Every structure is written in C-alpha cells, then in structure tokens.
Amino acid sequence: MGVPAFEIARGVRKYYNYQHKRQSCRRLRMRRPVLSILLLLLAASGISAQDRFGAIDRDLLLKIERPASQTDRRFLLAPQPTPGQLMFDAIHYDVDIAFDEKTGQVEGRVTAVVESTSEPLSQIDLNADPVLSILSVEMEGYGVLTFSRSGDVFSAVLPFALAPGERASITVHFEGNPISALNPGLFIRSHASGTVLYSLSEPWSARTWWPCKDYPDDKATFDIALSVRPGLFAASNGNFIGQADTTRWAEPFVRHRWKEEYPMPPYLFSIAASPYVLLTDDFVYAPGETMLVTHYVYPHLAAQAAVDLDIAVPALSYFSSLLGIYPFIGEKYGIATCGIGGGMEHQTLTSYGAALLTGDHRYDWLYIHEFGHQWFGDLVTCADWTHIWLNEGWASYFEALWFEHLGGPGDLKAYMQTMDTPLYWQGPVLRDPGNTDPWYYFDRVVYDKGAWIVHMLRHIMGDQDFFDATRAYLADPLFSYGNADSEEFEAAFEAFYGGQLDWFFDPWLTRTDRLACEWSWSSWEQEGHNHLSIYVRQLTDPPYVMPVDFRVSSGAGDADTVLWIDEAEESFVFETAGLVTGVQFDPDGWVLCDAAAVATGTESTPAAPFLSQNWPNPFNPSTTLCFGLDHPGPVRLSIYDARGGLVRTLIDGRLGEGTHEAVWNGKDSEGRPASSGVYFCRMTAGAKSFTRKLVLLR
Numbered sequence: 001m002g003v004p005a006f007e008i009a010r011g012v013r014k015y016y017n018y019q020h021k022r023q024s025c026r027r028l029r030m031r032r033p034v035l036s037i038l039l040l041l042l043a044a045s046g047i048s049a050q051d052r053f054g055a056i057d058r059d060l061l062l063k064i065e066r067p068a069s070q071t072d073r074r075f076l077l078a079p080q081p082t083p084g085q086l087m088f089d090a091i092h093y094d095v096d097i098a099f100d101e102k103t104g105q106v107e108g109r110v111t112a113v114v115e116s117t118s119e120p121l122s123q124i125d126l127n128a129d130p131v132l133s134i135l136s137v138e139m140e141g142y143g144v145l146t147f148s149r150s151g152d153v154f155s156a157v158l159p160f161a162l163a164p165g166e167r168a169s170i171t172v173h174f175e176g177n178p179i180s181a182l183n184p185g186l187f188i189r190s191h192a193s194g195t196v197l198y199s200l201s202e203p204w205s206a207r208t209w210w211p212c213k214d215y216p217d218d219k220a221t222f223d224i225a226l227s228v229r230p231g232l233f234a235a236s237n238g239n240f241i242g243q244a245d246t247t248r249w250a251e252p253f254v255r256h257r258w259k260e261e262y263p264m265p266p267y268l269f270s271i272a273a274s275p276y277v278l279l280t281d282d283f284v285y286a287p288g289e290t291m292l293v294t295h296y297v298y299p300h301l302a303a304q305a306a307v308d309l310d311i312a313v314p315a316l317s318y319f320s321s322l323l324g325i326y327p328f329i330g331e332k333y334g335i336a337t338c339g340i341g342g343g344m345e346h347q348t349l350t351s352y353g354a355a356l357l358t359g360d361h362r363y364d365w366l367y368i369h370e371f372g373h374q375w376f377g378d379l380v381t382c383a384d385w386t387h388i389w390l391n392e393g394w395a396s397y398f399e400a401l402w403f404e405h406l407g408g409p410g411d412l413k414a415y416m417q418t419m420d421t422p423l424y425w426q427g428p429v430l431r432d433p434g435n436t437d438p439w440y441y442f443d444r445v446v447y448d449k450g451a452w453i454v455h456m457l458r459h460i461m462g463d464q465d466f467f468d469a470t471r472a473y474l475a476d477p478l479f480s481y482g483n484a485d486s487e488e489f490e491a492a493f494e495a496f497y498g499g500q501l502d503w504f505f506d507p508w509l510t511r512t513d514r515l516a517c518e519w520s521w522s523s524w525e526q527e528g529h530n531h532l533s534i535y536v537r538q539l540t541d542p543p544y545v546m547p548v549d550f551r552v553s554s555g556a557g558d559a560d561t562v563l564w565i566d567e568a569e570e571s572f573v574f575e576t577a578g579l580v581t582g583v584q585f586d587p588d589g590w591v592l593c594d595a596a597a598v599a600t601g602t603e604s605t606p607a608a609p610f611l612s613q614n615w616p617n618p619f620n621p622s623t624t625l626c627f628g629l630d631h632p633g634p635v636r637l638s639i640y641d642a643r644g645g646l647v648r649t650l651i652d653g654r655l656g657e658g659t660h661e662a663v664w665n666g667k668d669s670e671g672r673p674a675s676s677g678v679y680f681c682r683m684t685a686g687a688k689s690f691t692r693k694l695v696l697l698r
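Each residue of the sequence shown is one higher than the last, beginning at 1 in UniProt numbering.
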C-alpha cells in the first residue's frame, strides 16, 4: 500500500484545483487569516486563561451519534476479524454508491482488490451489516462467486486458492437502508438550507453502509463515486475528480467522483452531501507549492464559517513546522458541515457540526482537535481500538499545543487543567477486559488522561528529544500511513529517551489512579550555611516513579530543580544560596497529580530525620551522603554489599540536631578498594531507619 509519489501528487493537485471551479456548489474565497492576532489581543486584554478556557465542553469530542445505551451483545467489545480476514490485506477499494436522502436507501457496488498474505486463501470474508442485502459477488475474470452470510460477515468462495502475494479483484453489488441499522454509520438531518446526508463510521459502522474489511489496521487507497440528487454536493476524501449526471431509481442524480491516493481505513471513508457553499483558501507550504483548503458549509452559515475557519492556514503552517508537513499535502484539507454534535476526523475532510460555526472562534479548540487527527489517527492509526488513546490523547494534546503557540506557557498550563477531569474518567486508558460498556473506547479518560500522558512524556524527555521523537515516529515507514500500538509507540520514544520508559507508560496506561502525595519543606541555617529539606509521602500504592519540578524561592532569587519521586516516603536535602522563603510543587503543571502541602516553613532543624540519595551516583572513587536529625541522638551509618555483608561503618555515635554529611571513599573497613557493583547505605536513628542504593563504577 504505497504513498503517492510527490511528483504525481503535484499534477493531481493542479487538476484538482481546476476541477473545483466546476463543482455544483457556489465557491467563495476566504479572507486572509487574522486569527493569531485576534487571539493574542484577547490574551493581552486582561481576560485570564482560566476564563477563556473555562467554558469548554469537552463532551463534544465524544462520538455522540451513538445510542445512549447499547444492549446488543455484538457491540459489547470491538468486533474481531475472522481467521480468514487475517489472511489477506485490502489494497484498494473502488466504491460507487447512490444515496436517497428522502428514504435512507442506498444501492451500489464495491470492488475490493485484496492480496493474500500468508497461506493459500480459498475464500474472502468481508463485513456487511444485516441491513445490507448482498445481491451478487463476482471475481474479475471468473464471474459470479457463491457466498454465504453469518451475522455481519459474508464469505465468498474463490474459484482457486490465492498463493501468498497473489491478488484478486472482488466486486460486491448491494442495497439496503443503513439508517435502520442498530449501530448506524449513515445519518440524515434537516437544516435551514435543506437536508444533509453524512457518515460517521467510527469505530465499526462502515459495514452498515458499504461492504468492506472493517478494521482500523487494514488501510487501502480509494476510488470514490457518490451519487446524490441534484442540488446536493457529495463531498468526500482526497482529490475531487469531477461530476456528471446519472440516473438512479429512475430519477436524475449527480455522480461526484473523488480519489484518495493515501492509504485509509474504512472508518475514515466519508460522505457529506448537502446544498453547500465552498469556502477556499491556499496553504503555501514551499516556494511555488500550494495546497487548496476547502470548506463545505451550509449557505446560511457562510458568514460565520468565513470567520471561524480562517484558523485553517495558520494551523497548517504551525503544525507542519512543528511535526512535519501536513500528511496529505498532495490532496487537501477542509471541513464539511453536517449534523454531528461535534466533529469527526475523516481523512482530508473533517465532518464538522453546524452548531460549531458561531463566527467568534468559540470552538477553535475542537477544530484543532479534529485537525490534529490528520497526524494522529489518519497518518498513523491505532492498530486496534484498545489503543485509541494514541488517536484521541494526541489530538487532545494538539489543542494544548495550539494555545501554547498562541499564548505561551501560561496558556499551556491553564489548558491542561481543563483536561484534569477525573470525575468523568471510567477505568484505565487501556481498556480493562472486564469492562462491558461498548463506548468505553471513547470515554473521557481516553481523551483527557491520554493528553496528560503525552504532556508528561514531553516533560520527562525535554522538548528537543520529545519533538524529535514525535517527528521520527510520524515519518517512520513502519507507522507512517499505517498503524501502531502502545508498545510500538513506547519503543519509538525510548530510542530518543535513551532508556526504558515502561516505568512511565505501564502505570499511567493501566492504573485508574494518579500520583497523589503530601509534601513539606523546611529551611534552616547552620554554621553559616543554608539548608533546604523537601519531604514527599506518596498516598498512592504502589508509588509512582515521576520526575517532579520544585521551584525554590530565596533571597538569591528563584531556582528550579527536578526531583525523582519513586518511593512511598523520601526526603531531599540541599544547600541553598540563601534562606528559603517558599517552595512550589510542580509550578508549571507538568504532572497529573494531587499534591497537598503540609507543615512547611523555615526552621532551625529538619522536620524529621532523613537520609538523602548520595551524590554523585553512580560514583568513582567517592560519594557524599547527606543526612539529618530532628533532635540529638545516636546514629549509625553503614555500607553493605548486595548480599547484605557489612563493608564499612562510616558513623556510629551520638550527633546533634541538624544536617550532617559523610563521605564514602569506596573502600572497605580494611582500606581495600571495593569492587564495582551495587551497595546500600543504611542509616539508623533511634527507631527509624533509611536505606539508599549506591552504584560504584570502577
């Protein structure tokens, strides 16, 4: 399944631009975008980010065309491919369908080019909901095939077995009324300018209105012909090829042809047919290179749309510079207005709810979300619905990236807070196998916590490595115009992180809680030196492993430091340039965490005994251990090897309150150099004891 050559795409684009002049919908040029200036002025006007983002209703993102409750057990879990479907790939679909917007009836033909992938293939299994009648199945060069049906699968027997790598062209003639499906993927609504017929197939409803192999991990290219009554324009994926009069059901129809040359899964194939006005703009992405931006909107919303949709070119420019050129640059990007409550990221042409066009940029966040799916969801699609957070979490993070672009770090922090919504989260990000809610795949946790996982990963890696990894992941031939799962995503980012990231991904994807802790700080002066102790106690069990920023304020100014939180209780001690006047936990909002500050302030002694991690670690030849006592008393500080054998006692006696230091020179009690390996420092102070792991590298 190849990507169209860039030179070919250039030629197609020129033809596409010409053909758009011949469309049956009125075409208007959009004004030059002024969105960034308007929003920056808004930010400067004194309106806080919290006020600007506070009215966002993120439930609009959910795929709300589904029934409120679903009782049919077919849909309790995602449908799984048959054994036969695992033995072939769909390479190309040639789809020719007529739609009656008055009755909901469809009739048409689908020709699927399939390729055997493993052992000899003797039958082809395709998906078709029972609301579709399969009239006949044919194989090019061999005529009519016999077929049988079971549920939403029909199986056609081939005249001979296809060897691995061999292809066949299978044509299916069908008719039916998709509107009546239990889980429909086709809808008809009325609006002030007429009627709209549109599709929303995610996650597995493409099969309700056209026969296909309906799984997200099988992408194909498309030739598309959509016939509707005169007065309607049928918008779809890819490049517009042209339109011509035809006859269906003994009535005049108009056949609109499109060509999608980039591989696409069936759920992203779309139709949006209505009386439309076409708003256009140009995205100049290189000297002399232009992609047409196309928005199909209801005539009565044209004025509002012209304002709201001027976001398109600025968004294309920014995200192309950040993550790599828009993935479908040889075709188009735009929206088609329809009756959906939110939006749906159909490849190259997002289906966009009419209520979102208000003329005041109120729903820019949702526009950016669906736009972001062109990279995460369309370019790289989740391998199966269990990993839908790779689509939805990333698209949600696009929203935050956009507002960071416009308003800076403060807006990034404020926007991420709008996605801190644990009361709406049901279960972990990766679906719990015991959860039988059919729409759990699209619970708020997938969107909001998914975005937080991306946000935290960015901070862990740092911007340079994070965005380098993101661009490489999107461009990797293993995933680009294909699929990925969570493990593959993790491995791709580990290559840039330089180590394992399972300590991060495993708990955040599979647990239902979050990092929660109590923390305190104390500062004191001793013998002319200022000291700071930060104590953290995790309330979640087992404890999370997370780097957390602390901002320390003193007479010398503010200083940021990163502490790795990985134990149920731990203390960190520093010497500071001045007496500390304040400490902030995660001041810039990088960690999904409930943190409560307790018992903080300036003291003459530590609030509790502690043993800090040695520094440096690993070390050679020596390392320093800092520890503290909240009152005078006996203390013992000893080094043990990995087998528990005593190597050396550094301190064994009575010390006063305050902070103390001990240096281990890497030698045992006889003065002999210890060998490379793992050692443990154990501190005992009264009834309390602390242990730290040390690594000696010779």
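Just so it is clear, CB atoms sit at the ideal spot from N, CA and C, and this is done for glycine as well. Remember, predicted model here, so these are calculated numbers, not experimental data.
Item, Value
"Classify H631 as buried or exposed, calling it buried when 16 or more other Cβ atoms lie within 10 Å of its own Cβ.", "exposed"
"Under the three-state reduction of DSSP, which class applies to T185: helix, strand or coil?", "Checking the displayed sequence, the identity of residue 185 turns out to be Gly instead of Thr. Residue state, collapsed to three classes: coil."
"Of all the beta strand (DSSP E) runs that stay within the bounds of the stretch 477 to 555, which reach a length of 3 or more residues?", "482 to 484, 515 to 526, 529 to 538 and 546 to 554"
"Report all residues from its chain with a CB closer than 7 angstroms to the CB of G450; omit the five preceding and five following residues, and keep chain order.", "W389, E392, G393, S396 and V429"
"Would you tell me roughly how many angstroms separate the C-alpha atoms of F504 and V545, rounded to the nearest one?", "7 angstroms"
"Tell me whether the beta-carbon of Y333 lies closer than 9 angstroms to the beta-carbon of T294.", "yes"
"Using a Cβ-Cβ cut-off of 6 angstroms (strictly less than) and excluding sequence neighbours within five positions of D448, which residues of its own chain qualify?", "M419 and T421"
"From the DSSP output, read off the bridge partner residues of E569.", "R537"
"Run through the DSSP bridge pairs and tell me what Q243 is partnered with.", "H256"
"May I ask you to report which of helix, strand or coil DSSP gives H92?", "strand"
"Which whole-angstrom value describes the C-beta separation of P547 and W521, a residue pair presumed to lie in contact below a C-beta threshold of 8 angstroms?", "About 18 angstroms separates the two Cβ atoms, so there is no contact after all."
"Since R692 contacts S676 with CB under 8 angstroms, what's their CB separation in whole angstroms?", "Between S676 and R692 the Cβ distance is about 18 angstroms, and since that is not below 8 angstroms, they are no contact."
"Report the option in A354, F328, Q304 and L232 whose CA atom is closest to the CA atom of K259.", "F328"
"Which two residues bound the contiguous beta strand (DSSP E) that contains D125?", "L121 to N127"
"With distances taken between CB atoms, is the gap from P609 to F690 smaller than 9 angstroms?", "yes"
"Can you give me the start and stop residues for the beta strand (DSSP E) that W664 sits inside?", "G658 to W664"
"Distance check for I91 and S116, CA to CA, integer angstroms please.", "10 angstroms"
"Going along the chain, which residues of its own chain have a beta-carbon closer than 6 angstroms to the beta-carbon of A78, five neighbours each way excluded?", "W385"
"Relative to the ligand ADP, is the shortest distance from any of its heavy atoms to the C-beta of L563 smaller than 8 angstroms?", "Absence of the ligand ADP from the depicted structure is noted, as is the absence of any ligand whatsoever, leaving it without description."
"Does the Cβ-Cβ distance between F403 and G372 come in under 9 angstroms?", "no"
"Among the candidates F550, S169 and G582, whose CA atom is the shortest distance from the CA of G589?", "F550"
"Ends of the beta strand (DSSP E) at A596?", "C593 to A597"
"Taking the alpha-carbon of R444 as reference, which of I453, G462, V454 and Y424 has the nearest alpha-carbon?", "Y424"
"Going by DSSP in three states, I311 sits in which element: helix, strand or coil?", "helix"
"Among R514, E119, A491 and C212, which has the Cα closest to the Cα of I170?", "C212"
"Of the choices T659, F467 and A595, whose alpha-carbon is the least far from that of Y497?", "F467"
"What's the gap between the Cα of Y296 and the Cα of G141?", "40 angstroms"
"What residue does the beta strand (DSSP E) around T650 start on, and which one ends it?", "Checking the sequence shown, residue 650 turns out to be Leu, not Thr. Counting along the chain, the beta strand (DSSP E) containing L650 begins and ends at L646 to L655."
"Nearest to D566 by CA position, among P542, V573 and G582, is which residue?", "P542"
"Quick check: the Cα distance between D281 and T290, rounded to an integer number of angstroms?", "10 angstroms"
"Please report the distance separating the alpha-carbon of H191 from that of R207.", "27 angstroms"
"Does DSSP put E670 in a helix, a strand or coil?", "coil"
"Let me know the secondary structure DSSP gives I460 once reduced to three states.", "helix"
"So residue 706 and Q304 are supposed to be a Cβ contact under 8 angstroms. How far apart are they, rounded?", "Nothing about residue 706 can be read from this structure; the chain reaches only from 1 to 698."
"What is the residue span of the alpha helix (DSSP H) that H405 lies within?", "W389 to G407"
"T82 and V153 - do their beta-carbons sit closer together than 9 angstroms?", "yes"
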